[in-house]
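**Q** Residue numbers (our numbering): 1010 to 1134.
The beta-carbon is built from N, C-alpha and C at its ideal position, and this holds for glycine as well.
Since the structure is predicted, the reported quantities are computational estimates derived from the model, not experimental observations.
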């Protein structure tokens, strides 16, 4: 798509906002799928999340991918956004951990602290 003027840019931006907006009372899960994320194993994570969202009929969950999140040493990375709450960043993920997060955080409402960036940086020190 070639954007030719400011009006087209604004329209494109508004369309993108609508496309990625949280559903009412919902969550958004983003998986880093840049080269470093894919090389670290992000694709099986995305596949596991897709399966879990469908299996559990989680209609209030938006699953999306992002480019570089900027924390390559922690790849694969998964972020959970929930309206009115602070973003939770899960790091060094795999498909099994992603399934645990769906069960514990997405369905159960409990952050899985062992897989968060806070836990990873605490262990690094």
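Who does residue 1036 pair with in a DSSP beta bridge?
**A** By one-based count along the chain shown, residue 1036 stands at place 27. In the DSSP output, where bridge partners are listed per residue, residue 1036 has 1070, 1091.
**Q** Could you check which residue in 1072, 1102, 1058, 1048 has the C-alpha nearest to that of residue 1125?
**A** Taking the chain shown and counting its residues from 1, the one referred to as residue 1125 is at position 116. Out of 1072, 1102, 1058, 1048, 1102 has the C-alpha closest to the C-alpha of residue 1125.
**Q** Return the chain-ordered list of same chain residues with a C-beta closer than 6 Å to the C-beta of residue 1042, the five sequence neighbours on each side being excluded.
**A** Looking up residue 1042 in the chain shown gives position 33. Closer than 6 Å at Cβ, skipping near neighbours: 1051, 1074.
**Q** In chain order, what residues of the same chain have a beta carbon less than 8 Å from the beta carbon of residue 1128, not counting five sequence neighbours either side?
**A** Along the chain shown, one-based indexing puts residue 1128 at 119. Here the set comprises 1122.
**Q** If you count every other CB in all the chains shown that lies within 10 Å of the CB of residue 1106, and 16 or more means buried, which is it?
**A** As a working note, residue 1106 is residue 97 in the chain shown. So residue 1106 counts as buried.
**Q** Just to confirm before moving on: does the CB-CB distance between residue 1061 and residue 1111 stay below 7 Å?
**A** Numbered from its first residue, the chain shown carries residue 1061 at position 52. Numbered from its first residue, the chain shown carries residue 1111 at position 102. Closer than 7 Å, so yes.
**Q** Taking the Cβ atom as the reference point for each residue, do residue 1086 and residue 1100 lie within a distance shorter than 7 Å?
**A** What you label residue 1086 is simply residue 77 of the chain shown in a count that begins at 1. What you label residue 1100 is simply residue 91 of the chain shown in a count that begins at 1. Contact flag set, yes.
**Q** What residues in its chain sit with their C-beta under 8 Å from that of residue 1114, if we drop five residues either side in the sequence?
**A** Within the chain shown, residue 1114 is the residue found at index 105, counting from 1. Same-chain partners within the cutoff: 1089, 1097, 1120, 1121.
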